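The structure appears right after this line, and notes come after that.
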Amino acid sequence: MSQQQWIKTTCPYCGTGCGVEAKVASNGAVEVRGDASHPANRGLLCSKGSALGETVIKQGRLEHAYIKGHQESLDKALSYVASRFSQTIAEHGPESVAFYVSGQLLTEDYYVANKLIKGFIGCSNIDSNSRLCMSSAVAGHKRAFGEDIVPGSYEDLEHAQLVTLVGSNLAWCHPIVYQRLKRAKQANPNLKVVVIDPRRTDSCDIADLHLPLNGGSDVALFNGLLAYLSEHGKLDSDYIAQFTEGFEAAVASAVEDAGDLAALATTCGLEPEALLRFFQLFANNERCVTVFSQGVNQSSQGVDKVNAIINSHLATGKLGKLGASAFSITGQPNAMGGREVGALSNLLAGHLDYKPEHLEALSGFWNTSNLSQKPGHKAVDLFDKVAKGEIKAIWIMGTNPAVSLPESAKIREALLSCPMVVVSDCIAETDTTRYADVLLPAAGWGERDGTVTNSERMLSRQRAFVEAQGDTKPDWYLLSQVAQKMGFAEAFSYTSSADIFSEHAALSGLLAESGERLFNISELSGKDQQAFDAIEPQRWPVSKQGSDNRSLFSDGRFSTTSGKAQLIAVTNQATKQGTSDAFPLVLNTGRMRDQWHTMTRTGLAAQLTSHSSEPLLEVNSQDAANQGLCDNSIVSLSSNVGQLKVRIQVSEGQKAGHVFMPIHWTEQYSSDGLVSQVVDSSVDPLSGQPESKYTPVKLAAW
Ligand code: SF4
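Position in the sequence shown (first residue = 1) + 31 = our numbering.
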């Protein structure tokens, strides 16, 4: 590896999946620039991507393995992990162990983790931090399309007449997608942008209409849209008849649920005229893209919200055409790669499901008789099982649940009580590593090599451009070594990420002749290291002719048993926790422009902390005045599960009755308490995704 060459890789932050070129300069500094040849970003990078060089550090890296605080050889630590997991399984059964993995992992790491626990240990207790991010979209896609498919692409934004952002602050959370949308609007002033979000965010800068709806009222709003489309003859009857099922029930439910415009406006906390304007824009434009993200997914009714959005597109045939799509935009760099390999407890590798013919085929492919036959525990439940002592050994990879999961104080107690906690990470000190019995040094960005899949199904390579430090190894290597030491040597004899990718690609072609699944990259299997290194960014499915860039579902064929898309009848439900006199405000949480997750990397880049140096609670002026508070007042923020101390920022962008706090700050950066201590752990009953956008809280002067 020449240190003077620009190496093409991808950004490890958001689901935009920008191509990056990186190299080590002669003074040892890591330089980065946007990859002009990458289709996702065409050379652009946001502030986080531009500062990547500052995050490739030597100090603070986890370079060696530790057992109970003592540095050990990596081999000894891996043997210890294997023997403790084997012993726990022998004494308490396979359900007594678990993996908690991450959208930060590469697809190859994810694949091996999933194969080991589901295929050979024989239980499905593997969940990903993607549960906090995309699991409602996954469940909604599967209900509507029969498969977890994101049909849209970034190019759709450039061909749309109407782009609606629902629960997405695209300007901060997917900045380069936002830049593409902004440029599209500059090039075509007729392109309308609507933002549906309780907050007036920076994404509203290009909005023709902002609908600051009440938190949790999205199903009502989209049911209202479907009812309006039906009432005004704006449906596509041919499309509905040819390609869908469930229309009658869905529209009946929507009409009953929405009521008249005045009632709907009250439910949503909006002006009737503003609602009507949105409905008319959607009804009167052929090419509509609805982009949705965490504001939709992180809800106790997240899956219904996803289906309410998709229903409107199916009923109007605004799907599977250039510039027309319901587009779930993914939070993490590889949340979709994890979904491809089944690294959520309710999924199987290769988009297979827990049904007899799929289980049989997968057992045969992996040559195992021990494949788990049923889904495992989803993240919140999984840590409850740790707290109850039912899960006695857990391996956490590349994520920081002591900060990121709701009711984090409970998570910390669970980790403290667990007999065996293994953490593999590239950073030595995080809020989670302090609970580790065993620390394993994992390769970080710049050292590791493999693939990721972004929000628009584009598979790209991450490539190494610096030498690994100390004993650091990729997660797939750590997992394979433990698997071999547990007695599964033959199935885990991988020597490179190219080997693993080849197997993953081959698996995607399993049962392909059944026509049940669209995810298929089997044409990419069998590549040697050189060919793997040469893989260019491409969207799946990949056929003999190459990457398939058409809009998926353009032929009206879906992955359901009948081949037809399903409209789902949904009704607006109250949130699990409602506001009350004791907790009158709604806490919404989310990201800042320049930080990423729990700041273990972005916190290292000085230029990124200048945007916001501390977590601030955004409060509407009316709510602040009601409490006798003003800008910079220090308050206690409390819910029924916890309390913290925070400075407030009075913001007119904040809807009255709603407050907002960022998710990033950890104990390392703020001693006043974590927002996750306050967030309630109510979840969607179908997806298990926590309701991180709606926790009833109260404020009081500190
Ligand atoms: Fe990285 Fe996302 Fe910024 Fe692109 S938009 S540079 S993927 S953080």
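The beta-carbon is built from N, C-alpha and C at its ideal position, and this holds for glycine as well.
Remember, predicted model here, so these are calculated numbers, not experimental data.
Query raised in the report: Thinking C-alpha only, which one of Leu549, Cys164, Ile458 is nearest Gly621?
Result: Counting from one through the sequence shown, the residue named residue 621 turns up at place 590. Among Leu549, Cys164, Ile458, the Cα nearest to that of Gly621 belongs to Cys164.
Report task. Quick one: using the 10 Å Cβ neighbour count with 16 as the cut-off for buried, is Gly719 buried or exposed? Result -> Mapped onto the sequence shown, residue 719 falls at position 688. Around the Cβ of Gly719, a 10 Å sphere holds 16 or more other Cβ atoms; the residue is buried.
**Report entry** Nearest-angstrom Cβ-Cβ length linking Ser539 and Gly420, presumed shorter than 8 Å
**Finding:** As a position in the sequence shown, residue 539 is number 508, starting the count at 1. As a position in the sequence shown, residue 420 is number 389, starting the count at 1. With a Cβ gap of about 38 Å, Ser539 and Gly420 do not count as contacting.
Query - Assigned exposure category for Trp627 - 16 Cβ within 10 Å defines buried - result: Start at 1 with the first residue of the sequence shown, and residue 627 comes out as number 596. Buried, since its Cβ has 16 or more Cβ neighbours within 10 Å.
Query - Straight-line Cα distance separating Ile665 from Gln685 - result: For this step, residue 685 is matched to residue 654 along the sequence shown. For this step, residue 665 is matched to residue 634 along the sequence shown. Rounded to whole angstroms, the separation of the alpha carbons of Ile665 and Gln685 is 18 Å.
**Report entry** Per DSSP, the bridge partner or partners of Gly50
**Finding:** Counted from its first residue, the sequence shown places residue 50 at position 19. DSSP lists Thr41 as partners of Gly50.
**Report entry** First and last residue of the uninterrupted beta strand (DSSP E) at Gly373
**Finding:** Taking the sequence shown and counting its residues from 1, the one referred to as residue 373 is at position 342. Looking at the DSSP string, Gly373 is not in any beta strand (DSSP E), and its letter there is neither H nor E.
Query raised in the report: Going by other Cβ atoms of all chains shown within 10 Å of its Cβ, with 16 needed for buried, is Ser582 buried or exposed?
Result: Translated into positions along the sequence shown, residue 582 becomes position 551. Under this definition Ser582 is a buried residue.
Query raised in the report: Taking the alpha carbon of Glu85 as the point to measure from, which residue in Lys213, Phe253, Gly59, Trp426 has its own alpha carbon closest?
Result: Position 54 of the sequence shown, counted from the first residue, corresponds to residue 85. The candidate whose alpha carbon is nearest that of Glu85 is Gly59.
**Report entry** Cβ neighbour criterion (16 or more within 10 Å) applied to Gln273
**Finding:** Residue 273 sits at position 242 when you count from the first residue of the sequence shown. Gln273 comes out exposed.
Query - Asn736: CB within 8 Å of a non-hydrogen atom of ligand 1 - result: The displayed coordinates of the chain run from 32 to 733. Any statement about residue 736 would go beyond what the structure contains.
Query raised in the report: Since Asp288 is in the beta strand (DSSP E), which residue starts that stretch and which ends it?
Result: The count along the sequence shown starts at 1 and reaches residue 288 at position 257. Asp288: not part of any beta strand (DSSP E); member of the alpha helix (DSSP H) spanning 278-289, first to last residue.
Query raised in the report: Okay, do the segment 239-255 and the segment 600-618 touch, 3+ Cβ pairs below 8 Å being the bar?
Result: Taking 8 Å as the limit for Cβ pairs, the verdict is that the segment 600-618 does touch the segment 239-255.
Requested in this report: Tell me whether Ile207 counts as near ligand 1, meaning its Cβ is closer than 8 Å to at least one heavy atom of that ligand.
Outcome: Against the sequence shown, residue 207 aligns to sequence position 176. Answer for Ile207: yes, Cβ within range of ligand 1.
Requested in this report: Given a cut-off of 9 Å, decide if Val483 and Pro572 are closer than it, judged by their beta-carbon atoms.
Outcome: Position 541 of the sequence shown, counting from 1, holds the residue named residue 572. Position 452 of the sequence shown, counting from 1, holds the residue named residue 483. Pro572 is not a Cβ neighbour of Val483, given a cutoff of 9 Å.
Query raised in the report: Say the cut is 8 Å; is the CB of Val452 nearer than that to a heavy atom of ligand 1?
Result: Residue 452 sits at position 421 when you count from the first residue of the sequence shown. Relative to ligand 1, the beta carbon of Val452 is positioned no closer than 8 Å to any heavy atom.
Query raised in the report: Shortest alpha-carbon distance to Gly634 belongs to which of Val61, Ile88, Leu93?
Result: Counting from one through the sequence shown, the residue named residue 634 turns up at place 603. Checked all of Val61, Ile88, Leu93; the closest Cα to Gly634 is Ile88.
Query raised in the report: Who pairs with Lys686 in a beta bridge, going by DSSP?
Result: Locating residue 686 in the sequence shown gives position 655, counting from the first residue. Answer is none; Lys686 lacks a bridge partner.
Report task. Specify the secondary structure class of Gly381 as computed by DSSP and reduced to three states. Result -> Working through the sequence shown from its first residue, we reach residue 381 at position 350. Of the three classes helix, strand and coil, the one that applies to Gly381 here is helix, per DSSP.
Query - At least 3 beta-carbon pairs within less than 8 Å: the segment 253-266 vs the segment 303-310 - result: Cβ pair count under 8 Å is three or more, so yes.
Report task. Pair every Cβ in the segment 218-225 with every Cβ in the segment 325-341, then say whether three or more of these pairs are closer than 8 Å. Result -> Contact between the segment 218-225 and the segment 325-341 is absent, because fewer than three Cβ pairs lie under 8 Å.
**Report entry** Residues near Ser33 in its chain [Cβ-Cβ closer than 8 Å; skip 5 each side]
**Finding:** The residue given as residue 33 occupies position 2 in the sequence shown. Interpretation of Ser33 is limited by its pLDDT of 47, a score under 50 that renders its predicted location unreliable; the figure taken from the coordinates is listed afterwards. Taking Ser33 as the centre and dropping the five residues before and after it, the same chain places no C-beta closer than 8 Å to its C-beta.
Query raised in the report: Whose C-alpha, out of Leu436, Glu178, Trp426, Gly587, is nearest the C-alpha of Val469?
Result: By one-based count along the sequence shown, residue 469 stands at place 438. Selection Leu436, Glu178, Trp426, Gly587 evaluated against Val469 yields Trp426 as nearest (Cα-Cα).
Query raised in the report: What are the start and end residues of each continuous beta strand (DSSP E) run of 3 or more residues lying completely inside the segment 100-182, in chain order?
Result: For the segment 100-182, the full-length beta strand (DSSP E) segments reaching 3 residues or more read 101-103, 128-132, 157-159 along the chain.
Report task. Under 8 Å Cβ to Cβ from Thr610, same chain only, skipping five residues before and after it: list those, please. Result -> Numbered from 1 along the sequence shown, position 579 holds the residue referred to as residue 610. Taken in chain order, the residues that qualify are Leu616, Val617, Gly688, Pro727.
Query raised in the report: Cα separation between Ser682 and Asp233?
Result: For the purposes of this step, residue 682 is taken as residue 651 along the sequence shown, with counting starting at 1. For the purposes of this step, residue 233 is taken as residue 202 along the sequence shown, with counting starting at 1. Rounded to whole angstroms, Ser682 to Asp233 spans 13 Å at the Cα level.
Query raised in the report: What distance in whole Å lies between the Cβ atoms of Asn342 and Ala294, which are believed to be in contact at a cut-off of 8 Å?
Result: Taking the sequence shown and counting its residues from 1, one reaches residue 294 at position 263. Taking the sequence shown and counting its residues from 1, one reaches residue 342 at position 311. In fact, because the Cβ distance is near 20 Å, the residues do not count as touching under 8 Å.
Report task. At 4 residues or longer, and completely inside the segment 598-682: list those alpha helix (DSSP H) runs for me, N to C. Result -> If we require 4 residues or more, the alpha helix (DSSP H) runs fully inside the segment 598-682 come out as 637-640, 652-657.
Query raised in the report: Would you call the segment 172-185 and the segment 442-459 touching, i.e. three or more CB-CB distances under 8 Å?
Result: With the cut-off at 8 Å, the segment 172-185 and the segment 442-459 do not touch.
Query - Cut-off 6 Å between Cβ atoms - residues of its own chain near Asp715, not counting five sequence neighbours on either side - result: Residue mapping note: residue 715 aligns to position 684 of the sequence shown, counting from 1. Within the same chain, Cβ atoms closer than 6 Å to the Cβ of Asp715 are found at Ser167, Ser331, Gly333, Val334, the five residues on either side in sequence being excluded.
Query raised in the report: Apart from the five residues on each side of it in sequence, which residues of its chain come closer than 6 Å, Cβ to Cβ, to Ala543?
Result: The residue labelled residue 543 in the question sits at position 512 within the sequence shown. The beta carbon of Ala543 sits closer than 6 Å to those of Asn551, all from its chain and outside the five residues before and after it, given in chain order.
Query raised in the report: What residues in its chain sit with their C-beta under 8 Å from that of Glu139, if we drop five residues either side in the sequence?
Result: For the purposes of this step, residue 139 is taken as the residue at position 108 of the sequence shown. These residues qualify, in order along the chain: Gly481, Thr482, Pro505, Trp507, Ser528, Ile531, Phe532, His535.
Query raised in the report: Among Ala731, Lys729, Val709, which one has its Cα closest to the Cα of Glu722?
Result: As a working mapping, residue 722 is identified with position 691 in the sequence shown. When each option's Cα is compared against that of Glu722, the closest is Val709.
Query raised in the report: Going by other Cβ atoms of all chains shown within 10 Å of its Cβ, with 16 needed for buried, is Glu302 buried or exposed?
Result: Taking the sequence shown and counting its residues from 1, one reaches residue 302 at position 271. That one is exposed.
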